[in-house]
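J.: Numbering (the numbering used here), first residue to last: 830 to 1498. Beta carbons are placed, not taken as given, at the ideal position from N, Cα and C, and that holds for glycine.
Structure follows, in structure tokens:
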């Protein structure tokens, strides 16, 4: 992954460096030669420290392997034994030859270097940009408590703006690398901490393990500290603004202070694209729907168009045909799963789970195909209501919805991917521990797709086909929760947009026309919420019922012993992720109801002179209506639902525990 990200970055790098150089030339000159060489020295020191430490980490790994072979009396096999021990995963698939071992070892060394280089690269870029902020800050701090002219602040505010724009461009270019760096480091720290509980076979392994763990923690901490320094330096001018004499205070200082204190890194000089972006839900959710179409969900055309008028749906187009084909395959896979359960006469919980999983994926995929027909009309209505709402106060507020949705999707998809990888790792660990005498790949797929190969002969094309459907199903299963959260965030943000306008006049006298206008905004949003609920309530129902079922099933399985540490790690990660995802769906959905009740706080503060029929009508509508998404009208998604779901789970568990007589217990092999 790091290789592909660096290849993408290489395409952008020349333009980015030209912009960086142009920004640097516009900044104030260094006062001394020492200051001008400071960033270069820091970068060299980072490389000089981390690359040798990384090399030492790799050498200690090799030494521990050789020491182990020597300790076990296997020195006679020499290089062959070293490479088969060092690269166990490759030796399962390839027969040993010297040239293969050398090639694989070279690839391993390159991969080790790249893994460290990602962290070093992030630190180097962070040092570069933070030093530029510091370069400007030195000039600003030099005038602390002194009388200055407005022109001084205009010049330095422009310096600051240009650095903020450069920082934004850099972030757009390297943010995938930063994500990979942080997620990789945190994941391996967790893995190493778990491994620290186990016994090490030799003293060489112990030395290598603890060195590797401390180096990893130190490297991660260093990345975080250097990255955080950008934000620290960008906030440093705030201390100077508090010390400006009264005679020097002017609109430029006030403007500069506002930009620093309100996070100017999200603002930039306006462009044509900025004015075209209006903070609409359609534009915010476009990327989410585009990703979904790779997995045969929501086959709508024009999801990345600038407005909802560009949306359309036709059965005779590639996304719709692709969805139809995948639906047929999922239906076949579902039937195959049911046939396996009945053919083997296994009706235990562990055997029923795949039926529930595959059935849910098939239903949800069909529901999304049905929703795709309604989506263009629904988004056009959403857009018509959005444009009538009170205006956003700034570009940052306009972009807040898109940022929030992207963060939800990114976090959930990454966690889901980790869960899927842990599932694969647990199966691989099982294969390594329990030698079956078959090919490793065949054994893996026979275990991973057991309900398929229990009733049909193994073939590589069947394994690939089954894995493809498994990945589709896993994504669909996660995406239905993501979709409910995204829609909930979209609706709650629109209610919040109206509420912000109301809170700005809290306690003030306002004419009746103001209250009529905002009551109509509120009523339109309530109608939109009802239309959205009618369109997605089936998906919401499947999402919640699925989550509740699998939480109950996982809690029941938690009573059984795990066959290995890998299985235990996967099980508990999956369990915690499922609980967190269910809680997130509940809370994001409940936010709609919370925001719909917020105007009550305003009505209590309306002055006597401003109380009128429109305020009374508005108050009655807010207090009497229940505005929330539902699960096919069976339940409302409010905060009280979290306790209700928790109580339901506890009730089911008390019943299920009575029937749990070692159900689903796995033998070690």
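Can you give the Cα-Cα distance for residue 983 and residue 865, rounded to whole angstroms?
T.: Stepping through the chain shown from its first residue, residue 983 is reached at position 154. Stepping through the chain shown from its first residue, residue 865 is reached at position 36. So the two alpha carbons sit approximately 24 Å from each other.
J.: Is residue 1202 helix, strand or coil by DSSP?
T.: Counted from its first residue, the chain shown places residue 1202 at position 373. Residue state, collapsed to three classes: helix.
J.: Does the Cβ of residue 862 have 16 or more other Cβ atoms within 10 Å, making it buried, or fewer, making it exposed?
T.: As a first step, residue 862 must be located in the chain shown, where it is residue number 33. By the 10 Å Cβ count, residue 862 comes out exposed.
J.: Which one or two residues does DSSP pair with residue 1465 in a beta bridge?
T.: Numbered from 1 along the chain shown, position 636 holds the residue referred to as residue 1465. In DSSP, residue 1465 forms a bridge with 1459.
J.: On the three-pair Cβ rule with 8 Å, is the segment 1286-1306 touching the segment 1119-1126?
T.: With a cut-off of 8 Å, the segment 1119-1126 and the segment 1286-1306 count as touching, because enough Cβ pairs lie within range.
J.: Do residue 1406 and residue 1244 have their C-beta atoms closer together than 8 Å?
T.: Here residue 1406 refers to the residue found at position 577 when the chain shown is read from its first residue. Here residue 1244 refers to the residue found at position 415 when the chain shown is read from its first residue. It is a contact, given that the beta carbons lie within the stated cut-off.
J.: Is the beta carbon of residue 1392 sitting closer than 8 Å to the one on residue 1259?
T.: Along the chain shown, one-based indexing puts residue 1392 at 563. Along the chain shown, one-based indexing puts residue 1259 at 430. Yes, the Cβ-Cβ distance between residue 1392 and residue 1259 is below 8 Å.
J.: Does residue 1141 come out as helix, strand or coil in the three-state DSSP assignment?
T.: Looking up residue 1141 in the chain shown gives position 312. Here residue 1141 sits in strand by DSSP.
J.: Taking the alpha-carbon positions, what's the residue 1320 to residue 1390 distance?
T.: As a first step, residue 1320 is located in the chain shown; it is residue number 491 there, counting from the start. As a first step, residue 1390 is located in the chain shown; it is residue number 561 there, counting from the start. For residue 1320 and residue 1390, the distance between alpha carbons rounds to 44 Å.
J.: Which term fits residue 1449, buried or exposed, when burial requires 16 or more other beta carbons within 10 angstroms of its beta carbon?
T.: Position 620 of the chain shown holds residue 1449. When all chains shown are included, residue 1449 counts as exposed.
J.: Could you pull out every residue in the same chain whose Cβ sits closer than 6 Å to the Cβ of residue 1323, ignoring the five residues on either side in sequence?
T.: The residue given as residue 1323 occupies position 494 in the chain shown. Closer than 6 Å at the Cβ level, and outside the excluded window around residue 1323, lie 1354.
J.: For residue 1130, which residues does DSSP report across the bridge?
T.: Indexing the chain shown from 1 puts residue 1130 at position 301. Answer by DSSP bridge pairing, in chain order: 1141.
J.: Is residue 1468 near residue 1419, with beta carbons less than 8 Å apart?
T.: As a working note, residue 1468 is residue 639 in the chain shown. As a working note, residue 1419 is residue 590 in the chain shown. The answer is yes: Cβ separation under 8 Å.
J.: Are the segment 1246-1259 and the segment 1331-1343 in contact at 8 Å, needing three or more beta carbon pairs?
T.: As far as the Cβ criterion goes, the segment 1246-1259 does not touch the segment 1331-1343, which means the pair count is below three.
J.: Tell me whether the beta-carbon of residue 1276 lies closer than 8 Å to the beta-carbon of residue 1261.
T.: Translated into the one-based positions of the chain shown, residue 1276 becomes position 447. Translated into the one-based positions of the chain shown, residue 1261 becomes position 432. Not in contact: residue 1276 and residue 1261 (Cβ atoms no closer than 8 Å).
J.: Please list the segments of the beta strand (DSSP E) lying wholly inside the segment 1217-1297, counting only runs of 3 or more residues, in order along the chain.
T.: Counting only runs of 3 or more, we get nothing.
J.: Please return the same chain residues whose Cβ sits closer than 7 Å to the Cβ of residue 991, not counting the five positions on each side in sequence.
T.: Taking the chain shown and counting its residues from 1, the one referred to as residue 991 is at position 162. Closer than 7 Å at the Cβ level, and outside the excluded window around residue 991, lie 852, 855.
J.: For residue 1514, tell me which candidate among 1156, 1382, 1216 has the shortest Cα-Cα distance.
T.: Since the first and last residues shown for the chain are 830 and 1498, residue 1514 lies out of range.
J.: If you drop the 5 nearest sequence neighbours on each side, which residues of the same chain put their C-beta closer than 7 Å to that of residue 1443?
T.: On the chain shown, position 614 is the one that residue 1443 refers to. Excluding residues within five positions, the ones whose Cβ falls inside 7 Å are 1341, 1344, 1345, 1348.
J.: Once the 5 residues before and after residue 840 are set aside, which same chain residues still bring their CB inside 6 Å of it?
T.: Position 11 of the chain shown, counting from 1, holds the residue named residue 840. Nothing listed; no residue qualifies.
J.: So, with DSSP's three-state summary, where would you put residue 1339?
T.: On the chain shown, residue 1339 is found 510 positions in, with the first residue counted as 1. Three-state DSSP puts residue 1339 in coil, outside helix and strand.
J.: Looking at C-alpha atoms only, which residue of 890, 1291, 1194 is the closest neighbour of residue 1371?
T.: To locate residue 1371, count along the chain shown from 1; it is residue 542. Among 890, 1291, 1194, the Cα nearest to that of residue 1371 belongs to 1194.
J.: Compute the distance between the beta-carbons of residue 1167 and residue 1181, then report whether it is under 8 Å.
T.: As a working note, residue 1167 is residue 338 in the chain shown. As a working note, residue 1181 is residue 352 in the chain shown. No, they are not a contact pair.
J.: Note down, in chain order, each residue of its chain lying with its Cβ closer than 6 Å to the Cβ of residue 1151, except the 5 sequence neighbours on either side.
T.: Counted from its first residue, the chain shown places residue 1151 at position 322. If we look at residue 1151 and ignore the five residues flanking it on each side, its Cβ neighbours are 1125.
J.: Could I get the ranges of all uninterrupted alpha helix (DSSP H) runs contained in the segment 1302-1352, with 4 residues as the minimum, in chain order?
T.: With a minimum length of 4 residues, no continuous alpha helix (DSSP H) run stays inside the segment 1302-1352.
J.: If residue 1090 sits next to residue 1067, beta carbons under 8 Å apart, how far is it from one beta carbon to the other, in whole angstroms?
T.: Here residue 1090 refers to the residue found at position 261 of the chain shown. Here residue 1067 refers to the residue found at position 238 of the chain shown. The pair is a contact, with the Cβ atoms about 6 Å apart (cut-off 8 Å).
J.: Grab me the residues of residue 1491's own chain with a C-beta within less than 6 Å of its C-beta, minus the 5 sequence neighbours each way, in chain order.
T.: On the chain shown, residue 1491 is found 662 positions in, with the first residue counted as 1. Legend: pLDDT at residue 1491 = 47, less than 50; position of this residue unreliable, no value from coordinates given.
J.: In this structure, does DSSP put residue 972 in helix, strand or coil?
T.: The sequence position of residue 972 within the chain shown is 143, counting from 1. In this structure, residue 972 counts as coil in the three-state DSSP scheme.
J.: According to DSSP, simplified to helix, strand and coil, what is residue 1011?
T.: Along the chain shown, one-based indexing puts residue 1011 at 182. Here residue 1011 sits in helix by DSSP.
J.: Could you check whether residue 1014 and residue 968 sit closer than 8 Å to each other, using their CB atoms as the reference points?
T.: As a position in the chain shown, residue 968 is number 139, starting the count at 1. As a position in the chain shown, residue 1014 is number 185, starting the count at 1. In this structure, residue 1014 does not lie closer than 8 Å to residue 968 by Cβ.
J.: Does the count of Cβ pairs from the segment 1034-1044 and the segment 1069-1086 closer than 8 Å reach three?
T.: Judged by Cβ distances under 8 Å, the segment 1034-1044 makes no contact with the segment 1069-1086, as fewer than three pairs qualify.
J.: Please return the same chain residues whose Cβ sits closer than 6 Å to the Cβ of residue 1471, not counting the five positions on each side in sequence.
T.: Counting from 1 along the chain shown, the entry for residue 1471 is found at position 642. Closer than 6 Å at the Cβ level, and outside the excluded window around residue 1471, lie 1415.
J.: Return yes when at least one heavy atom of the ligand NAD lies under 7 Å from the C-beta of residue 1118, else no.
T.: By its list of ligands, the structure shown contains no ligand whatsoever, and the ligand NAD lies outside what it can speak to.
J.: When we look at the beta-carbon of residue 1108 and count the other beta-carbons within 10 Å, is it buried (16 or more) or exposed?
T.: Position 279 of the chain shown, counting from 1, holds the residue named residue 1108. So residue 1108 counts as buried.
J.: Could you check what DSSP says for residue 1435 in three-state terms: helix, strand or coil?
T.: Within the chain shown, numbered from 1, the residue matching residue 1435 stands at position 606. Reduced to three states, the DSSP call for residue 1435 is coil.
J.: Under 8 Å: do the segment 998-1008 and the segment 943-956 share three or more Cβ pairs, one atom per stretch?
T.: Contact between the segment 998-1008 and the segment 943-956 is present, because at least three Cβ pairs lie under 8 Å.
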